[in-house]
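Chains as they are written, first to last, in the UniProt record's numbering: chain X, 1 to 279; chain B, 1 to 279.
2 protein chains.
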Amino acid sequence: MNIAIVGVGLIGGSVAITLKEKKAVSKIIGVDKSDTNLKKALQLGLIDEETTLEEAINRSDVIFLTIPVDAILQLLPSILDRITHQVVVDMGSTKEGILQAVANHPNRGRLVAAHPMAGTEYSGPEAAIPELFKGKMMVYVDVMHSDEDAFDTVDAITEQLEMRTAFMEAHEHDVHTAYVSHISHITSFALALTVLEKEKSQGRIFELAGSGFESTVRLAKSSPDMWTPIFKQNRDNVLEVLQEHIKQLQNIQQALSEEDYEAFHKLIKKSNKIRRILK
Amino acid sequence: MNIAIVGVGLIGGSVAITLKEKKAVSKIIGVDKSDTNLKKALQLGLIDEETTLEEAINRSDVIFLTIPVDAILQLLPSILDRITHQVVVDMGSTKEGILQAVANHPNRGRLVAAHPMAGTEYSGPEAAIPELFKGKMMVYVDVMHSDEDAFDTVDAITEQLEMRTAFMEAHEHDVHTAYVSHISHITSFALALTVLEKEKSQGRIFELAGSGFESTVRLAKSSPDMWTPIFKQNRDNVLEVLQEHIKQLQNIQQALSEEDYEAFHKLIKKSNKIRRILK
Chain X
1 MNIAIVGVGL IGGSVAITLK EKKAVSKIIG VDKSDTNLKK ALQLGLIDEE TTLEEAINRS
61 DVIFLTIPVD AILQLLPSIL DRITHQVVVD MGSTKEGILQ AVANHPNRGR LVAAHPMAGT
121 EYSGPEAAIP ELFKGKMMVY VDVMHSDEDA FDTVDAITEQ LEMRTAFMEA HEHDVHTAYV
181 SHISHITSFA LALTVLEKEK SQGRIFELAG SGFESTVRLA KSSPDMWTPI FKQNRDNVLE
241 VLQEHIKQLQ NIQQALSEED YEAFHKLIKK SNKIRRILK
Chain B
1 MNIAIVGVGL IGGSVAITLK EKKAVSKIIG VDKSDTNLKK ALQLGLIDEE TTLEEAINRS
61 DVIFLTIPVD AILQLLPSIL DRITHQVVVD MGSTKEGILQ AVANHPNRGR LVAAHPMAGT
121 EYSGPEAAIP ELFKGKMMVY VDVMHSDEDA FDTVDAITEQ LEMRTAFMEA HEHDVHTAYV
181 SHISHITSFA LALTVLEKEK SQGRIFELAG SGFESTVRLA KSSPDMWTPI FKQNRDNVLE
241 VLQEHIKQLQ NIQQALSEED YEAFHKLIKK SNKIRRILK
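Laid out in C-alpha cells, this is it:
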C-alpha cells in the first residue's frame, strides 16, 4: 500500500514516521506547498519521495490530509473529484464545515473524517515524532457516510498508530473540541500576552517562571497559520466556551475583589473536581 | 546540624527527602498540625522523628516553615520570640505581608525569606519527591535584613538542593509571582470550572481531553487550603494581573466575534513571543 501525506508537518510527519518504523506501508509520498518542508521531510526520512498533489493522488491508495483546516476545506472537493478507488483521510481539528462542504459529493464515501487527539505545541517536519499517537484517541466523525472498506483501511492504520478510538457526529465533535482543546489554546495565548505585556517594564520577571507557568502557557507557542483557521471554522462553539471561561474568571475576580475568601476557597475546591477526569 | 520541618507536605517533605538522601544533615524533626501527615512522613522516611513546634525549635539549628502563608504569618512572630541562635527559613509563596509583620522584631536577622520556585499540583507528604528543586530557582527576598551567618547557612542548604538563586525585594517578588505563578493557577481553576460546567450535560467530552488540555488545566488540582491564603496575601497584585488577563481574553473574543481573523492571527503570533522565555 502506498500512502500520500499532504502536509508533512507535525501530524503528517508523525503519521509517516510511525508507519515507516512499523513497515506498515510500501511507500510514503510527500506533498507540501513548502519546498523547504519537503526537503526536510526527505532528509529526515519521513517520506520516500516528494511529488505534486495530482501525481500523489494517482499513485496512492490512501491520501492523508494533514494541512490547516482552511486548506482542507479548499482542496478536499477537488481531491474527491480526482479519486477513483483511493481513500482520503481528513485529519483536521474541525469537522462540521468541512463535511458539509462535501456532503453531496459523489465520492463522499471514499472520505474518512478522523481527528487524532494528539499533538505538541511545535510544528513542521522537524516536530514529527514516532509514538505521538500512541495511546491517544482517534475520533472518527460521521463514519456512517464513509464506505465500509474505506473505513476499514483507515482503522487498520489507526491500529498501527496504537490509538484508541471514539465515534462522534460532526457537530458534537466540534463542540467537544472547543471545550477540551480550542479553549486551552486561547487561555495560553491570553496568558502569554498578559505576561509579555508586563515584561516590557519588568525584564526580570522570567527568572521566576516555574513549571506551573510553563505548563499553562506552552500552547502559546502554537502556529498561528494552523490555529487561526481552526478558530474560524469553530467560531460559534469557541465563542460560547470563551464567554463561559471569561465568566468563570470574573467570578474568581469578584470573590477576590470583595475579599470573600470563603467563596474563593469554594471555587478552587470545585475546580479540583477536574481530578475525576485527569489522571 | 539538626533541622526542623514545620509542615511536612510537598515542599517540606521534598526538602527533607533531598537533604536526607545527600546526608547533608544529622537529624530531621517534623512538625505538623495533622497527626496523619506526621505518621505518613515518618512511614515514608521523610523525617526522623516528630515533635511539637516548641520542642522542635529548641532542638534544631535551622527551622523551615513550609506551611500555608496564613499560618506562617500567624506563627512567625512567636517563633522568632523563642529562638536564640537558630535560623528560621520562611518558604512561603508571598513575602511582603509576612516580612512587614516581623520587620521590627529583635530577632529579624535570624530569618531568611526564601521562595523555592518549584512545586507540583499535588500536596501532602506522599507528594514529596527528591530532586523537586534541582535546577529550579530559589528566590531570596530582602536578604539585607538577614544576618550574614543565617543567610550562609541557608544558602549552603540551597546548594545541596542544587538550586539556582536570585535576589529580590519583597514587593518586586510578590508582583512577579503574581505574573508567573499565581495567574497560571487562576487560569487553570477557571478553565476547569468552565469545562466542568459543560460536563454536566455532556459526559462524553472527556474522551477527547488531550495533552494540551491536561497541561493547561493541571494546576486546578492544587490545594485550596494552600492557595486561598496566597491569593489573600497577594490580592492587589493578582487583581491587577487578572484584570489584564481578562482584557487579553476579551481582545481575542472581540477579534473572533467580529470575524477579524487578521487581528486574531496577529494576537497568536504575538503570543508566540513567549518562545523567547520558555525553552
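We put the beta carbon where it would ideally sit given N, CA and C, even for glycine.
As the structure is a computational prediction, the values presented were derived from the model and not from experiment.
Report yes if the C-beta distance between Thr51 of chain X and Ile29 of chain X is below 7 Å; otherwise report no. In the first sequence, residue 51 of chain X corresponds to position 51, counting from 1. In the first sequence, residue 29 of chain X corresponds to position 29, counting from 1. Contact flag set, yes.
At which residue ranges does the stretch 42-85 of chain B contain complete beta strand (DSSP E) runs of 3 or more residues, listed in the order of the chain? 62-65
Using a C-beta cutoff of 7 Å, does Ser184 of chain B count as contacting chain X? Position 184 of the second sequence, counting from 1, holds the residue named residue 184 of chain B. For Ser184 of chain B, the answer is yes, since a Cβ of chain X falls inside 7 Å of its Cβ.
Which residue from X:Ser34, X:Pro125, X:Ser271 and X:Ile83 puts its Cα closest to that of Ile47 of chain X? Stepping through the first sequence from its first residue, residue 47 of chain X is reached at position 47. When only C-alpha atoms are compared, the closest one is X:Pro125.
Hey, is Arg82 of chain B's beta-carbon within less than 7 Å of any beta-carbon in chain X? As a working note, residue 82 of chain B is residue 82 in the second sequence. Answer no: the Cβ-Cβ gap between Arg82 of chain B and chain X never drops below 7 Å.
So, helix, strand or coil for Asp225 of chain X, using DSSP? One-based indexing of the first sequence puts residue 225 of chain X at position 225. Helix at Asp225 of chain X.
Give every residue of the same chain whose Cβ lies closer than 8 Å to the Cβ of Ser181 of chain B, excluding the five residues on either side of it in the sequence, and list them in chain order. To locate residue 181 of chain B, count along the second sequence from 1; it is residue 181. Hits under 8 Å: Ser93 and Met117.
So which residues of chain X does Met91 of chain B contact, with C-beta pairs closer than 9 Å? For the purposes of this step, residue 91 of chain B is taken as residue 91 along the second sequence, with counting starting at 1. In chain order: nothing, as chain X lies at least about 14 Å away.
Any C-beta of chain X under 7 Å from that of Ser34 of chain B: Taking the first residue of the second sequence as position 1, residue 34 of chain B is located at position 34. It does not: the Cβ of Ser34 of chain B has no partner Cβ on chain X nearer than 7 Å.
Segment contact, 8 Å Cβ cut-off, at least three pairs: the stretch 10-22 of chain B with the stretch 260-270 of chain X: no
Arg275 of chain X classed as buried or exposed, judged by whether at least 16 other C-beta atoms fall within 10 angstroms: Position 275 of the first sequence, counting from 1, holds the residue named residue 275 of chain X. Under this definition Arg275 of chain X is an exposed residue.
For Ala56 of chain X, is the classification buried or exposed, using 16 other Cβ atoms within 10 angstroms of its Cβ as the cut-off for buried? Your numbering for residue 56 of chain X matches position 56 in the first sequence. Classification of Ala56 of chain X: buried, given that the 10 Å Cβ count is 16 or more.
For Tyr122 of chain X and chain B, any beta-carbon pair shorter than 7 Å? Position 122 of the first sequence, counting from 1, holds the residue named residue 122 of chain X. Taking Cβ atoms only, chain B never reaches closer than 7 Å to Tyr122 of chain X, which makes this a no.
Confirm, please, whether the CB-CB distance from Ser188 of chain X to Thr216 of chain B is below 7 Å. Numbered from 1 along the second sequence, position 216 holds the residue referred to as residue 216 of chain B. Numbered from 1 along the first sequence, position 188 holds the residue referred to as residue 188 of chain X. A contact, by the Cβ cut-off of 7 Å.
Is Asn272 of chain X helix, strand or coil by DSSP? Translated into the one-based positions of the first sequence, residue 272 of chain X becomes position 272. If DSSP states are grouped into helix, strand and coil, Asn272 of chain X belongs with the helices.
Would you kindly work out how many angstroms separate the C-alpha atoms of Asn237 of chain X and Val69 of chain X, rounded to a whole number? Locating residue 237 of chain X in the first sequence gives position 237, counting from the first residue. Locating residue 69 of chain X in the first sequence gives position 69, counting from the first residue. C-alpha separation (whole angstroms): 16 Å.
Looking at the unbroken alpha helix (DSSP H) that takes in Val87 of chain X, where does it start and where does it end? Stepping through the first sequence from its first residue, residue 87 of chain X is reached at position 87. Here Val87 of chain X belongs to no alpha helix (DSSP H); instead the beta strand (DSSP E) covers Val87 to Asp90.
Taking DSSP's pairing of strands, which residues face His105 of chain B in a bridge? Position 105 of the second sequence, counted from the start, is the residue given in the question as residue 105 of chain B. None, per the DSSP bridge assignment.
Terminal residues of the continuous beta strand (DSSP E) containing Lys33 of chain X? Taking the first sequence and counting its residues from 1, one reaches residue 33 of chain X at position 33. Unbroken run through Lys33 of chain X: none, as it is neither H nor E.
If you draw a straight line from the C-alpha of Leu208 of chain X to the C-alpha of Val139 of chain B, how long is it? Position 208 of the first sequence, counting from 1, holds the residue named residue 208 of chain X. Position 139 of the second sequence, counting from 1, holds the residue named residue 139 of chain B. C-alpha separation (whole angstroms): 8 Å.
Give, in chain order, every residue of the stretch 214-235 of chain B whose Cβ lies closer than 9 Å to some Cβ of chain X. Glu214, Ser215, Thr216, Val217, Arg218, Leu219, Ala220, Lys221, Ser222, Ser223, Pro224, Asp225, Trp227, Thr228, Pro229, Phe231, Lys232 and Arg235
Tell me, please, whether the CB atom of Gln254 of chain X is closer than 7 Å to any CB atom in chain B? Along the first sequence, read from residue 1 onward, the residue named residue 254 of chain X stands at position 254. It does not: the Cβ of Gln254 of chain X has no partner Cβ on chain B nearer than 7 Å.
On a Cα-Cα basis, can you pick out the residue from X:His265, X:Tyr261 and X:Gly9 that is closest to Leu132 of chain X? In the first sequence, counting from the first residue as 1, residue 132 of chain X sits at position 132. The option with the nearest alpha carbon to Leu132 of chain X is X:Gly9.
Using 7 Å as the limit for Cβ to Cβ distance, is Ala4 of chain B near chain X? Start at 1 with the first residue of the second sequence, and residue 4 of chain B comes out as number 4. It does not: the Cβ of Ala4 of chain B has no partner Cβ on chain X nearer than 7 Å.
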